[in-house]
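In this note's numbering, the protein residues as written are 123 to 392.
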């Protein structure tokens, strides 16, 4: 099984790259067309069944009151509420929005989150490259009995040239993003796993299915390894029923200045 996984990943990558290249060539021959086109077909929200060409799969968690919040038993709480209400005689309805922190729910980390020199250099959410936030991504099922260590990553045999990776882990099996109370036993990168990734791959974008990319025991060190190399990190993804394979990812945060993180909307297209 260990040998079958790398071969399967390589086969999926090769076939999918051929398909994506074919679509882009066809699109570019149409005068006035943009190279990046929305795929035909409907948006899948909540139903993350088997991927088929032309689908858009929403991998963002809704901002429910019971979405887990860092080291809290009570979840995220209420984020929106009317500050003007037609029911109260106002001309229109206007909601207010309040976050205790930008690292809530499905969100992105900018390099300044754990690296002070990057923060002082202005590497905020607004500075994140759309060329990294949008593009081909390999979704990998990680082993269920370990954090993302150097050995685990080495055994996954991430193909050369892959720049975006999303890891579906035991976090999805345990429904941790559907559990109100925060859980420190989530799966994430160890420090040696983070070091292996930046030294041995071309990955610029990494996503995971809980509130932190780093295992709790290595929370600071693993973050600093990844963000020190300016990787874009996306957390809290809804990967419950998304199949392993190659997709195109589209992750768009608000263009926030002087913010080291931001809620984000992420979708996969096929």
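Note that beta-carbon positions come from the ideal geometry of N, C-alpha and C, so glycine has one too. Values in this document were obtained by computation on a predicted structure and should not be read as measured data.
Length of the line joining the Cα atoms of residue i and residue j
i: residue 274; j: residue 198; result: 32 Å
i: residue 192; j: residue 258; result: 30 Å
i: residue 364; j: residue 389; result: 11 Å
i: residue 348; j: residue 329; result: 12 Å
i: residue 387; j: residue 215; result: 24 Å
i: residue 264; j: residue 226; result: 23 Å
i: residue 251; j: residue 270; result: 26 Å
i: residue 178; j: residue 371; result: 10 Å
i: residue 207; j: residue 360; result: 33 Å
i: residue 157; j: residue 185; result: With a pLDDT of only 26 at residue 157, under the threshold of 50, the placement of this residue in the model should not be trusted; the figure read from the coordinates follows. Cα-Cα distance, rounded: 32 Å.
i: residue 282; j: residue 190; result: 35 Å
i: residue 268; j: residue 253; result: 32 Å
Rounded distance between the beta-carbons of residue j and residue i, thought under 8 Å
i: residue 310; j: residue 334; result: 5 Å
i: residue 357; j: residue 231; result: 7 Å
i: residue 223; j: residue 205; result: No, residue 223 and residue 205 are not in contact; Cβ-Cβ is about 21 Å, not under 8 Å.
i: residue 212; j: residue 272; result: That pair is no contact at about 58 Å.
Delimiting residues of the beta strand (DSSP E) encompassing residue i
i: residue 179; result: 178 to 180
i: residue 206; result: 202 to 206
i: residue 385; result: 383 to 391
Per-residue burial, residue i [other beta carbons within 10 Å of its own, 16 or more giving buried]
i: residue 379; result: exposed
i: residue 391; result: buried
i: residue 385; result: buried
i: residue 202; result: exposed
Entirely enclosed alpha helix (DSSP H) segments - the segment 211 to 275, minimum 4 residues: 238 to 242 and 252 to 255
Minimum length 4: unbroken alpha helix (DSSP H) runs contained in the segment 282 to 367: 292 to 295, 313 to 322 and 341 to 350, all fully within the segment 282 to 367.
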